[in-house]
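Undergrad:
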Amino acid sequence: MLQYILKRILLVIPVVLFISFIVFYIIQLPPGDYVSNYSAKMSAAGDVMTPVEMDEMRANLGLDRPIYEQYFVWMKKIVTKGDFGFSFNYNKPVTAVIKQYMGLTLVVSLVTMVFHYVVAIPIGIYTAVKQYTAGDYFFSGLSFIGMATPNFLLAIILMYLSYTWFGDPLLGLFSSEYVNAPWSMDKVLDLMKHMVIPVIVIGLASTADLIRIMRGQMLDELNKPNVVTARAKGLSEFKILFKYPTRAALNPIVSTFGWSLSSIFTGATITAIVLNLPLQGPVMYNALLGQDMYLAGSWLLFMALLTVLGTLISDILLAWLDPKIRTEFRGN
Amino acid sequence: MRTMPVFRRQKTEALQPVKTKDANYSSQWRLIYLRFKKHKLARISLFILAFLYLIALLAQFIAPYGLQSYDSKYVNAPPMGFHFVDAAGKFHIKPFVYELQSTRDPETMRKIFVSNTEKRYSLQFFVKGEPYKFLGFIPTSTHLLGVEQPGRIFLLGTDGMGRDLFSRIILGSQISLSIPLVGVAISFVLGLIIGGISGYFGGWLDSIIQRIIEIIRSFPTLPLWMALSAAIPPRIPVVTMYLYIVIIFAFIGWTDLARVVRGKFIALKNEDYVIAAKIAGVGNTKIIVKHLLPGFISYLVVATTLAIPAMILGETAMSFLGLGIRSPATSWGVLLQEAQKIENVALYPWKLIPLGIVILTVLTYNFLGDGLRDAADPYKK
Chain A
6 MLQYILKRIL LVIPVVLFIS FIVFYIIQLP PGDYVSNYSA KMSAAGDVMT PVEMDEMRAN
66 LGLDRPIYEQ YFVWMKKIVT KGDFGFSFNY NKPVTAVIKQ YMGLTLVVSL VTMVFHYVVA
126 IPIGIYTAVK QYTAGDYFFS GLSFIGMATP NFLLAIILMY LSYTWFGDPL LGLFSSEYVN
186 APWSMDKVLD LMKHMVIPVI VIGLASTADL IRIMRGQMLD ELNKPNVVTA RAKGLSEFKI
246 LFKYPTRAAL NPIVSTFGWS LSSIFTGATI TAIVLNLPLQ GPVMYNALLG QDMYLAGSWL
306 LFMALLTVLG TLISDILLAW LDPKIRTEFR GN
Chain B
279 MRTMPVFRRQ KTEALQPVKT KDANYSSQWR LIYLRFKKHK LARISLFILA FLYLIALLAQ
339 FIAPYGLQSY DSKYVNAPPM GFHFVDAAGK FHIKPFVYEL QSTRDPETMR KIFVSNTEKR
399 YSLQFFVKGE PYKFLGFIPT STHLLGVEQP GRIFLLGTDG MGRDLFSRII LGSQISLSIP
459 LVGVAISFVL GLIIGGISGY FGGWLDSIIQ RIIEIIRSFP TLPLWMALSA AIPPRIPVVT
519 MYLYIVIIFA FIGWTDLARV VRGKFIALKN EDYVIAAKIA GVGNTKIIVK HLLPGFISYL
579 VVATTLAIPA MILGETAMSF LGLGIRSPAT SWGVLLQEAQ KIENVALYPW KLIPLGIVIL
639 TVLTYNFLGD GLRDAADPYK K
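Just so you know, the protein sequences line up as chains A and B, in that order.
Be aware that the first sequence starts at 6, since it is given in this note's numbering, and climbs by one per residue.
Be aware that the second sequence starts at 279, since it is given in this note's numbering, and climbs by one per residue.
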């Protein structure tokens, strides 16, 4: 087991290196660079930059060097100093910008994660046990629609409903009086109130998906001989349900935990833009559009890392649950 | 090797498929069809999709107005229904619409529209309108629907620039419905070839391809879409923009299919009949085309169908954020941009109609995929 985990972790390193290179290539793909963007903005404000000034600015920021050199400088700083570069837009180191948004992003993602398990697993069990009843049709229909709705638009509809019903569209994550206030009980309550819509919106698609998976797994397990035996022994239906099929059906879901985490993390991007949440989504979007390359690159790298990490966790969990995978890997 | 003619005739007679409806004698595709027919939702979905694609094909003919047409007099006009009975209770055999008049709400002073029941314009079919090319090459100016001049018909209302939403939804469907198809077709071919090479030949080639797939899959889809879309230069021709977007979607989508193909190739290549063919000296190409492909092509069709909804949602999301299709072209995501502002949704709820169409399309594709998945393995209980 330990050998498998070590091997699996070692395999991640070249993948991450390669990803970092692709990330760097992608973020400098858009036409123009930060300087040309900046000068366009300045000239719109009436301050025209001369080409000489622009070249000077490029030299200052290190943007005049060839791309592979920029990449190596960037990578060297990350590895040796943990320095992800400088965000031109925020005029701060990238790490500072990320830190600023990290906390809330994590909170929202984790709450969504909990929400999606707590809601989906019981519903999945219920729809499987009561297959082809009105309740099953209702929840199955709901989960199909949940999968088909672009969640950013659901955000708008929910905002509108909360506006008409409660008189507050619940934009952002805090009411205006709490944005800059120090943390207090009231601020936490306010945050929780504002998190209802984002959590539903971000979690809906994955919840709907999980309901379908859980239902399918349960249906497979419900007719297995061990369940029949348990019933023949005279165990109560309730006990049968939780002792055998539910436990078996949960295995594949536990093993995809890592993927769910990263998909929720990135799924929040567009929702956060629409709902104007102080999360990573809008920051990344603006960085991409504004050619703030180190910020955009670090975010992209970070997201990719999270996905790699999620896959790693899933693989380890899978191996832990299923000895076949371990031995197959050793055989290679 | 030559066999005796008589013997050959006897042999082929014995091998003639018996023409019967018994499932035991049907071909694989017929069995799939029979199973698919039983899935009611999937069948209904197939009809709805066929209908949507037909409309998209004939979009310029069905839409009363063109993409560029706008009327600043009718900004944010509500959907208008057509009537048979007028205000005086008189029945008209030809349906008609009332003239829209803009006034101000006495309380909020906001511009609103009321129907002027004095003025009627009857609905007409095959009217002359803006010139366009039917099916892309026959120049004509006949439109399916229209009203008498100078009347206007806005079945689903207008947007913030006074453009007819009904026309724009139909014209937008050409892009929204074709991007996932073209994207999926490209990823289908890529996935089939690359996954096939990886699975059939194995060895170091397989390892390299698997690593590449792993790397591409490590990228979170949405941020990667965003990053690549941001790289599309502004002010490029519509066709180029369309191609860029399709390529971006296909580039990310093929890895899933390649994995399915690889898995199936590995599972099938060690079957006895494939080994027998190899020993008999059959070439690689023929083994793949004759013996391996028919074994899993149905799974591949299913995987492809199930990949389409994600592409529709992806295109909608990207266009919605202004990173996908841009004006002068339009797609459902572009139409939904106006719904980004909560005031717009509150005051002009008909701007959410494109959302309904997106949901309908994705749902029907999901059901179709479900039905195909159930049908793909006709030998399953």
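Here a beta-carbon is modelled for each residue, glycine too, at the ideal position from N, C-alpha and C.
(1) Hey, is Thr261(A)'s beta-carbon within less than 7 Å of any beta-carbon in chain B?
(2) Please list, in chain order, all residues of the same chain as Ala133(A) whose beta carbon is under 6 Å from its beta carbon, the five residues on each side excluded.
(3) With distances taken from CA atoms, which of Val580(B), Ile464(B), Ile475(B) and Tyr626(B) is nearest Arg566(B)?
(4) Below 8 Å between beta carbons is the criterion; list the residues of the region 287 to 312 of chain A that meet it against any residue of chain B, in chain order.
(5) Would a C-beta distance cut-off of 7 Å place Thr533(B) and Ser323(B) closer than the cut-off?
(6) Please report the distance separating the alpha-carbon of Leu178(A) from that of Ala617(B).
(7) What residues from chain A crowd round Phe339(B), counting only those whose CB sits closer than 8 Å?
(8) I want to see whether chain B comes within less than 7 Å of Phe23(A), judged by CB atoms only; does it?
(9) Hey, which unbroken runs of the alpha helix (DSSP H) at 4 residues or more fall wholly within the region 195 to 263 of chain A?
(10) Spell out whether any CB of chain A is found under 7 Å from the CB atom of Leu591(B).
(11) Using a beta-carbon distance cut-off of less than 7 Å, what residues from the region 184 to 207 of chain A approach chain B?
(12) Excluding the 5 residues flanking Ile321(A) on each side, which residues of the same chain have their C-beta closer than 6 Å to its C-beta?
(13) To which residues of the same chain is Pro660(B) closer than 7 Å at the C-beta, ignoring the five residues directly before and after it?
(14) Taking 7 Å as the CB-CB limit, is Val57(A) close to chain B?
(15) Output, in chain order, the set of chain A residues within a Cβ distance shorter than 8 Å of Met661(B).
(16) Do Ile207(A) and Ala273(A) have their CB atoms nearer than 7 Å?
(17) Show which residues of chain B have a CB atom less than 8 Å away from the CB atom of Met152(A).
(18) Given this structure, state the Cα-to-Cα distance separating Gly647(B) from Leu584(B), to the nearest angstrom.
(19) Using 8 Å as the cut-off, can you tell me whether the region 90 to 101 of chain A makes contact with the region 297 to 305 of chain A, which would need three or more C-beta pairs spanning the two stretches below that distance?
(20) Leaving out five residues before and five after Ile510(B) in sequence, what residues of the same chain have Cβ atoms less than 7 Å from its Cβ?
(21) Provide the residue(s) that pair with Glu377(B) in DSSP beta bridges, ordered along the chain.
(22) Would you please verify whether the beta carbon of Pro498(B) is less than 7 Å from any beta carbon of chain A?
(23) Are the region 392 to 401 of chain B and the region 418 to 425 of chain B touching, with three or more C-beta to C-beta distances below 8 Å?
(24) Under 7 Å, Cβ to Cβ, is there at least one residue of chain A near Leu483(B)?
(25) Measure the C-alpha to C-alpha separation of Leu241(B) and Ile590(B) and round it to an integer number of angstroms.
(26) In the DSSP assignment, what residue or residues form a beta bridge with Pro417(B)?
(27) Sort Phe339(B), Leu312(B), Leu546(B) and Thr594(B) by Cα distance to Ser445(B) and report the nearest one.
(28) Determine contact between the region 434 to 443 of chain B and the region 341 to 351 of chain B, defined as no fewer than three beta-carbon pairs at a distance below 8 Å.
(29) Could you give the distance in angstroms between the alpha-carbon of Leu34(A) and the alpha-carbon of Arg513(B)?
(30) Measure the Cβ-Cβ separation of Val462(B) and Thr594(B) and say whether it is below 7 Å.
(31) Expressed to the nearest angstrom, what Euclidean distance is found between the alpha-carbon atoms of Leu258(B) and Trp628(B)?
(32) Could you give the C-beta distance for Leu306(A) and Ile24(A), rounded to a whole number, given that I count them as a contact under 8 Å?
(33) Below 7 Å on C-beta distance, what does Thr594(B) contact in chain A?
(34) Does the CB of Asp648(B) have a neighbour CB from chain A at under 7 Å?
(35) In or out: Met504(B) buried (at least 16 other Cβ within 10 Å) or exposed?
(36) Output the boundary residues of the beta strand (DSSP E) element that contains His121(A).
TA: Reading off the structure:
(1) no
(2) Arg220, Met223 and Leu224
(3) The question names Arg, but residue 566(B) in the sequence shown is Ile. Of Val580(B), Ile464(B), Ile475(B) and Tyr626(B), the residue nearest in Cα terms is Ile475(B).
(4) Met289, Tyr290, Leu293, Leu294, Ala301, Trp304, Leu305, Met308, Ala309, Leu311 and Thr312
(5) no
(6) 21 Å
(7) Correct list: empty, because the minimum Cβ distance to chain A is about 29 Å.
(8) Yes - at least one Cβ of chain B is within 7 Å of the one on Phe23(A).
(9) 230 to 238, 242 to 248 and 250 to 260
(10) yes
(11) none
(12) For Ile321(A), the CB contacts under 6 Å within the same chain, skipping 5 residues up- and downstream, are Ile10 in chain order.
(13) Any property of residue 660(B) remains undetermined from this structure, which presents chain B solely from 279 to 659.
(14) Not an interface residue.
(15) Any answer about residue 661(B) is impossible in this case: the structure gives chain B only from 279 up to 659.
(16) Closer than 7 Å, so yes.
(17) Pro587, Val640 and Asn644
(18) 5 Å
(19) yes
(20) Met519 and Tyr522
(21) Asn394(B)
(22) So yes, Pro498(B) belongs to the interface.
(23) yes
(24) no
(25) Any property of residue 241(B) remains undetermined from this structure, which presents chain B solely from 279 to 659.
(26) Beta-bridge annotation (DSSP): Pro417(B) is paired with Lys411(B).
(27) Closest by alpha carbon: Phe339(B).
(28) Contact holds: three or more Cβ-Cβ distances are below 8 Å.
(29) Taking the straight line from one Cα to the other gives about 16 Å.
(30) no
(31) What is shown of chain B runs 279 to 659, which leaves residue 258(B) out entirely.
(32) Taking a contact as a CB-CB distance under 8 Å, the pair Leu306(A) and Ile24(A) counts as one, their CB atoms being some 7 Å apart.
(33) Pro155
(34) no
(35) buried
(36) Counting along the chain, His121(A) falls outside any beta strand (DSSP E), though it belongs to the alpha helix (DSSP H) covering Val99 to Val134.
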